[in-house]
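The opening residue of the sequence shown carries number 1 in the numbering used here; numbering runs sequentially from there.
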Amino acid sequence: MTRIELPGGLPRPRRTALLHAATTLWVPVLAPVGLGMLANGSTQAATHFWLSSPIEPGVLVAVLVRADGGWFVFAALLPTLALLLGLYLAAREVPARLLYTIELAVVLLVAFQAIGFLYALQA
1 MTRIELPGGL PRPRRTALLH AATTLWVPVL APVGLGMLAN GSTQAATHFW LSSPIEPGVL
61 VAVLVRADGG WFVFAALLPT LALLLGLYLA AREVPARLLY TIELAVVLLV AFQAIGFLYA
121 LQA
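Okay, structure coming up:
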């Protein structure tokens, strides 16, 4: 089976696309750590923040639907996985300039969301 190459090196290798998607999604979760915000709060808030960091990109959806307990995790996990899949597909097929614009938007959204989530945990 022959592989069709698109202009500009598209599609990108799967491993590269997955690395782009994962770093775009989960590195901004560390924004409160980089800003020193975890040192100022309680240890309980920091513990909850670290435990929820894998589902952090989707926490806003879980908060908006007012989910509790296990449903909170489920309601945050679905959009997190959807974002990961969308970023992976974009990293595979989208031209570089558009991809970087999408990644910047996701990084800013997730970073501000992580900061807001930590503030909510500390309240």
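We treat Cβ as the ideally placed atom computed from N, Cα and C, and that holds for glycine. No experiment lies behind these values; they were computed from the predicted model shown.
Here residue 65 carries a coil assignment [DSSP, helix/strand/coil].
When the five nearest sequence neighbours on each side are left out, the beta carbons in the same chain lying within less than 7 Å of the beta carbon of residue 60 are those of 113, in order along the chain.
Taken atom to atom, the span from the alpha-carbon of residue 119 to that of residue 9 is near 42 Å. Distance from the Cα of residue 30 is smallest, within the candidate group 104, 17, 21, 56, for 56. Residue 38 and residue 45 have their C-alpha atoms spaced approximately 8 Å apart. By the CB criterion at 7 Å, residue 103 and residue 11 fall outside the cutoff. When DSSP states are grouped into helix, strand and coil, residue 46 belongs to the helix group. Linking residue 32 to residue 54 through their CA atoms gives a straight-line distance of about 15 Å. In this chain, residue 95 is not harboured by any alpha helix (DSSP H), its DSSP state being neither H nor E.
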